[in-house]
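**Q**
Protein chains: 2
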Amino acid sequence: MEDSAHPKRPVTVADVAKAAKVSKATAARVLGGYGVVSVQIKDQVTAAAAALEYRPNELARSMSTGRSGIIGVVVGDIENAFFSLAVRGITDAARLAGFNVIIANSGEEIDAEKSAVDLLIGKRVDGLIVTPARCDRLDHLRHVRRAGVPLVLFDRAIPELDVDAVTGDDRDAALTATRYLIGQGHRRLAYVSAMDAEEGGITDIAGISNSAVRERVEGFVSALTEAGLPNPLHYIRLGATDQHQTHAVMRRLLSEISPPTALLASDSLVGLRVFKSLQSLGLSVPQDVSMISFLDADWTSVTVPPITIVDQHVYDLGKLAGERLVARIERTPLAVEHLRVTTSLVVRGSVATIGR
Amino acid sequence: MEDSAHPKRPVTVADVAKAAKVSKATAARVLGGYGVVSVQIKDQVTAAAAALEYRPNELARSMSTGRSGIIGVVVGDIENAFFSLAVRGITDAARLAGFNVIIANSGEEIDAEKSAVDLLIGKRVDGLIVTPARCDRLDHLRHVRRAGVPLVLFDRAIPELDVDAVTGDDRDAALTATRYLIGQGHRRLAYVSAMDAEEGGITDIAGISNSAVRERVEGFVSALTEAGLPNPLHYIRLGATDQHQTHAVMRRLLSEISPPTALLASDSLVGLRVFKSLQSLGLSVPQDVSMISFLDADWTSVTVPPITIVDQHVYDLGKLAGERLVARIERTPLAVEHLRVTTSLVVRGSVATIGR
DNA sequence: TGATATAAAGAGACCGGTCTCATGACATAT
DNA sequence: ATATGTCATGAGACCGGTCTCTTTATATCA
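Sequences listed follow chains A and B, in order. Under the working numbering, the residues of the first sequence are numbered 1 to 356, in order. Under the working numbering, the residues of the second sequence are numbered 1 to 356, in order.
(1) Less than 6 Å between C-beta atoms, sequence neighbours within five positions excluded: which residues of the same chain meet that for P286(B)?
(2) Where are the alpha helix (DSSP H) runs, 4 residues long or more, that stay fully inside the stretch 84–166 of chain A, in chain order?
(3) What is the residue span of the beta strand (DSSP E) that Y191(B) lies within?
(4) Under 7 Å between the Cβ atoms of G318(B) and A157(B)?
(5) Could you check what DSSP says for D311(A) in three-state terms: helix, strand or coil?
(6) Do you know offhand how far G355(A)'s Cα is from V75(A)'s?
(7) Measure the C-alpha to C-alpha separation of V144(B) and V13(B) and round it to an integer number of angstroms.
(8) Can you name the residues of chain B whose CB is closer than 7 Å to the CB of R88(A)?
(9) What is the DSSP secondary structure of S255(B), reduced to helix, strand or coil?
(10) For A49(A), count neighbouring Cβ atoms within 10 angstroms of its own Cβ and tell me buried if that reaches 16, exposed if not.
(11) DSSP puts F294(B) in a beta bridge; with which residues?
(12) Give the residues of chain A in contact with M366(B), contact being defined as C-beta atoms less than 7 Å apart.
(13) Could you please give the first and the last residue of the uninterrupted beta strand (DSSP E) stretch that includes V346(B)?
(14) Mark V336(A) as exposed unless 16 or more other C-beta atoms lie within 10 angstroms of its C-beta, in which case mark it buried.
(15) Please report the straight-line C-alpha distance between D43(A) and P56(A), rounded to a whole angstrom.
(16) Could you please give the first and the last residue of the uninterrupted alpha helix (DSSP H) stretch that includes A49(B)?
(17) What are the complete beta strand (DSSP E) segments, minimum 3 residues, inside the stretch 254–285 of chain A?
(18) Chain A partners of G33(B), CB-CB under 7 Å?
(19) Assuming contact is defined by CB atoms lying nearer than 7 Å, are L325(A) and V45(A) in contact in what I supplied?
(20) For P232(B), tell me which candidate among G239(B), A240(B), A223(B) and L238(B) has the shortest Cα-Cα distance.
(21) Taking any Cβ of chain A, which residues in the stretch 319–340 of chain B have a Cβ under 8 Å from it, in chain order?
(22) List the DSSP bridge partners of L339(A).
(23) Can you have a look at G127(B) and say buried or exposed, based on whether 16 or more other CB atoms are within 10 angstroms of its CB?
(24) Quick one: using the 10 Å Cβ neighbour count with 16 as the cut-off for buried, is R88(A) buried or exposed?
(25) Given this structure, state the Cα-to-Cα distance separating G107(A) from H140(A), to the nearest angstrom.
(26) What residues in its chain sit with their C-beta under 7 Å from that of E2(B), if we drop five residues either side in the sequence?
(27) Examine chain A for any beta-carbon lying closer than 7 Å to the beta-carbon of I71(B), and answer yes or no.
(28) Any beta-carbon of chain A closer than 7 Å to the one on T12(B)?
(29) In chain A, which residues lie with their C-beta within 8 Å of the C-beta of V302(B)?
(30) Given a cut-off of 7 Å on the beta-carbon distance, is the pair I391(A) and L264(A) in contact?
(31) In the DSSP output, what is G349(A) paired with across the bridge?
(32) Provide the residue(s) that pair with G72(B) in DSSP beta bridges, ordered along the chain.
(33) According to DSSP, is R237(A) part of a helix, a strand, or is it coil?
(34) According to the neighbour-count rule (16 or more other Cβ atoms, all chains shown, within 10 Å of its Cβ), is S68(B) buried or exposed?
(35) Under 9 Å Cβ-Cβ, which residues of chain B neighbour L161(A)?
(36) Should R359(B) be flagged as near chain A, meaning a C-beta pair shorter than 7 Å?
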């Protein structure tokens with residue numbers, strides 16, 4: 001009865017004003033915490049507001065101030081530990097500055113990303129953090145700029161966009177990890193990524209539309225090249241998008257005439273799939289195959305052996321992106337930058353020393 | 001120059017109307033997709049809108065319609081795989097119905113939860129899904145009801161609140177898992193949870209303020225009782241809130257005169273900590289100690305041995321909560337219900353058969 | 001005592017949409 | 001030819017805040 005009978009129109013400043021016998025403007029001053037009001041009136045209004053259980057309509061507030069207090073975040077896949085940890089970092093930075101976060105998932109699809117961006121702009125977010133699925137379709141991001149909404153790219157940079165980006169130092173990370181593998185005596189190294197497969201393997205590194213993937217491949221290839229190893233592109237495999245695909249990729253890879261002795265997995269999901277795949281093929285790590293995965297995910301420390309990983313300091317990455325965006329929103333004068341967070345190799349037990 | 005020089009006031013219906021040489025009302029009809037407009041005028045307005053790159057201000061739209069198209073979700077900890085998977089389920093259900101999701105983290109703290117709820121109500125969300133940190137402080141949730149905002153509780157029920165709840169069948173899950181352990185010959189069983197420790201162990205099950213935790217403990221105790229095992233509360237341990245605490249809890253537990261032979265971990269984070277703790281104590285699973293964890297987390301399938309788990313079908317749980325809330329928002333006539341999603345025991349290798 | 005400064009409160013425009021109601025044009029019925 | 005109805009468009013109120021500008025009351029000074 002009490003709930004359904006009163007669909008109860010929410011209490012507004014006008015209601016509070018009437019109850020406190022003051023003008024709407026005065027009540028608004030108290031409730032909004034601006035302007036000058038006498039102590040007596042202030043108490044009067046506060047009391048009336050409490051009695052009526054007044055809650056400000058943030059929507060209306062945003063309407064007139066033009067600020068929503070919301071930061072929009074478009075990520076590739078929230079379920080991925082990489083993103084959920086990054087979101088934590090972003091959220092913490094945002095909350096510290098008094099902003100809230102609204103999250104949208106693009107599923108790494110450019111159209112979903114586009115509509116998510118449009119939607120958030122429509123909600124008049126104060127700023128936007130986007131993980132661009134591709135670096136070649138930019139209209140929607142250009143539009144964000146033109147709409148005057150601060151934008152920070154996350155995990156992937158797009159130099160031609162002239163906008164801040166926060167990423168790991170992917171090139172260096174791959175370089176370091178690969179050098180380490182080479183240093184342990186490995187000569188045939190594979191790189192496995194979840195990026196959608198192009199036909200017939202990699203031929204054109206510069207053409208990879210995802211900068212994070214591209215930089216990692218570049219680092220990987222550089223390390224092989226500087227070590228004088230032949231055919232650096234030979235063992236690069238894309239398309240490890242799910243367990244089934246990964247398994248297929250792994251079977252093909254390991255049934256080559258000279259199969260690789262070490263694998264570099266492009267992210268923790270791929271790493272997990274690769275590890276499972278090796279298990280089901282009856283291969284043991286690192287005796288039969290060595291591996292390194294990106295990201296310090298849960299699972300990497302409890303396997304036997306624990307997995308050697310490239311720690312991307314994802315939380316910091318997210319926090320930095322959040323802080324950068326806040327600075328932009330607050331119009332702090334800053335040059336456009338590509339901030340790279342250095343990564344660190346955490347050596348555990350998944351890489352064997354061979355050929356000595 | 002071009003970006004900074006034009007802080008570029010966003011394009012409004014009025015601007016489009018002027019450009020299309022029609023009234024604001026007519027332009028709004030076309031842009032908002034309501035009312036009746038002749039085809040000719042419609043094209044005219046559409047063209048003008050495209051030329052000006054008009055984007056509707058969803059805030060203003062929400063103001064006048066009273067609907068924001070947003071569902072608010074307050075979770076305990078987004079970083080926890082349980083919640084991030086649930087959020088995926090919620091988000092999918094929401095998007096299917098045309099809603100967006102805004103996520104807030106309570107950190108399982110009642111005050112943070114309170115302010116998150118207030119904030120979301122302020123943003124005029126169309127509905128709210130909350131994981132209540134406690135079942136005894138309810139003012140803010142009562143207020144949600146009074147404000148006329150549909151509410152669905154997630155993972156934990158509060159019967160006295162007369163509101164929908166979607167949870168796993170925690171009692172049954174714990175009962176089944178415990179019975180299984182007993183069936184494998186275990187007689188000394190421990191239950192380890194991350195809930196804040198009360199002094200001196202558990203004495204009053206009915207007093208546990210988190211219904212999910214309470215039901216699991218009840219199920220655990222029921223199974224022990226029906227098997228005629230003595231002292232069912234003896235090995236229940238709370239306070240496994242981080243790796244350090246968990247380690248302390250485990251040391252104490254396993255240095256008892258008759259230590260437990262099997263452990264039930266209340267969630268996947270606790271499970272992971274327990275597993276790591278066992279590793280560092282040099283104990284092997286299941287030879288030295290058997291264990292079962294809640295939630296089919298990543299790590300549980302790649303350990304040696306893989307962990308026997310209680311699968312809570314979390315994605316479905318989230319999806320169901322999302323669907324239920326959408327139904328409420330759309331005023332589908334439904335009785336208030338506590339929906340329980342049945343769980344299933346996935347037997348892998350972390351439980352030994354003993355004493356035969 | 002009157003002039004002026006200053007603090008506090010009120011009146012009402014505004015943000016950008018939605019939506020009701022009024023108006024005008026044209027077609028059909030009488 | 002006049003009345004009636006329908007359809008497309010225009011005018012303007014409204015949502016619930018913020019904020020500028022104006023008015024009123026009180027204090028300060030010559």
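Note that beta-carbon positions come from the ideal geometry of N, C-alpha and C, so glycine has one too. Quick caveat, the model's predicted, so the values are computed rather than measured.
**A** Let's see:
(1) As a working mapping, residue 286(B) is identified with position 286 in the second sequence. Excluding positions up to five away in sequence, the list reads S350, V351 and A352.
(2) 110–122 and 139–146
(3) Taking the first residue of the second sequence as 1, we reach residue 191(B) at position 191. Here the beta strand (DSSP E) through Y191(B) covers L189 to V192.
(4) For the purposes of this step, residue 318(B) is identified with residue 318 of the second sequence, where counting begins at 1. For the purposes of this step, residue 157(B) is identified with residue 157 of the second sequence, where counting begins at 1. No, they are not a contact pair.
(5) Locating residue 311(A) in the first sequence gives position 311, where the first residue counts as 1. DSSP places D311(A) in strand when its eight states are reduced to three.
(6) For the purposes of this step, residue 355(A) is identified with residue 355 of the first sequence, where counting begins at 1. For the purposes of this step, residue 75(A) is identified with residue 75 of the first sequence, where counting begins at 1. If you take the alpha carbons of G355(A) and V75(A), they lie about 43 Å apart.
(7) As a working mapping, residue 144(B) is identified with position 144 in the second sequence. As a working mapping, residue 13(B) is identified with position 13 in the second sequence. Rounded to whole angstroms, V144(B) to V13(B) spans 34 Å at the Cα level.
(8) Counting from one through the first sequence, the residue named residue 88(A) turns up at place 88. Within chain B, the residues near R88(A) are I78 and E79.
(9) Sequence index remark: in the second sequence, residue 255(B) carries index 255 (1-based). Coil.
(10) Walking along the first sequence from the start, residue 49(A) turns up at place 49. Buried, since its Cβ has 16 or more Cβ neighbours within 10 Å.
(11) To locate residue 294(B), count along the second sequence from 1; it is residue 294. DSSP lists V310(B) as partners of F294(B).
(12) Past the boundaries of the shown model lies residue 366(B); chain B is included only from 1 to 356, so the question cannot be answered.
(13) Here residue 346(B) is taken as the residue at index 346 of the second sequence, counted from 1. Its beta strand (DSSP E) spans residues S344 to V346.
(14) Here residue 336(A) refers to the residue found at position 336 when the first sequence is read from its first residue. By the neighbour-count definition (other C-beta atoms within 10 Å, threshold 16), V336(A) is an exposed residue.
(15) Numbered from its first residue, the first sequence carries residue 43(A) at position 43. Numbered from its first residue, the first sequence carries residue 56(A) at position 56. Roughly 17 Å separates the two Cα atoms.
(16) Taking the second sequence and counting its residues from 1, one reaches residue 49(B) at position 49. That run of the alpha helix (DSSP H) goes V39 to L52.
(17) Taken in chain order, the unbroken stretches of beta strand (DSSP E) that lie wholly in the stretch 254–285 of chain A and span 3 residues or more are 262–265.
(18) Within the second sequence, residue 33(B) is the residue found at index 33, counting from 1. Simply none; closest approach about 14 Å.
(19) Residue mapping note: residue 325(A) aligns to position 325 of the first sequence, counting from 1. Residue mapping note: residue 45(A) aligns to position 45 of the first sequence, counting from 1. In this structure, V45(A) does not lie closer than 7 Å to L325(A) by Cβ.
(20) Here the question's residue 232(B) lines up with position 232 in the second sequence. The candidate whose alpha carbon is nearest that of P232(B) is A223(B).
(21) Cβ contacts with chain A come from no residue of the stretch 319–340 of chain B.
(22) Indexing the first sequence from 1 puts residue 339(A) at position 339. In the DSSP output, where bridge partners are listed per residue, L339(A) has V166(A).
(23) Here the question's residue 127(B) lines up with position 127 in the second sequence. Buried, by the Cβ-count rule.
(24) Indexing the first sequence from 1 puts residue 88(A) at position 88. It is buried - the Cβ of R88(A) has at least 16 other Cβ atoms within 10 Å.
(25) Position 107 of the first sequence holds residue 107(A). Position 140 of the first sequence holds residue 140(A). The C-alpha of G107(A) lies about 17 Å from the C-alpha of H140(A).
(26) Position 2 of the second sequence holds residue 2(B). Confidence at E2(B) is low in this model, with a pLDDT of 40, below 50, so the placement of that residue is unreliable and no value is reported for it.
(27) Along the second sequence, read from residue 1 onward, the residue named residue 71(B) stands at position 71. False, the Cβ-Cβ gap to chain A never drops below 7 Å.
(28) Walking along the second sequence from the start, residue 12(B) turns up at place 12. By this cut-off, T12(B) is not an interface position.
(29) The residue you call residue 302(B) lines up with position 302 of the second sequence. Under the 8 Å cutoff, chain A gives L272, F275, K276, Q279, W299, V302 and T303.
(30) Because chain A in this structure spans residues 1 to 356, residue 391(A) falls outside the shown range and cannot be described.
(31) Indexing the first sequence from 1 puts residue 349(A) at position 349. None; G349(A) has no bridge partner.
(32) Against the second sequence, residue 72(B) aligns to sequence position 72. Looking at the DSSP assignment, G72(B) forms a beta bridge with I102(B) and L128(B).
(33) Locating residue 237(A) in the first sequence gives position 237, counting from the first residue. The answer is strand: DSSP assigns R237(A) an E or B state.
(34) Reading the second sequence from its first residue, position 68 is the one you call residue 68(B). S68(B) comes out buried.
(35) Counted from its first residue, the first sequence places residue 161(A) at position 161. Residues of chain B passing the Cβ test: none, with the nearest at roughly 12 Å.
(36) As shown, chain B starts at 1 and ends at 356. That puts residue 359(B) outside it, with no answer to give.
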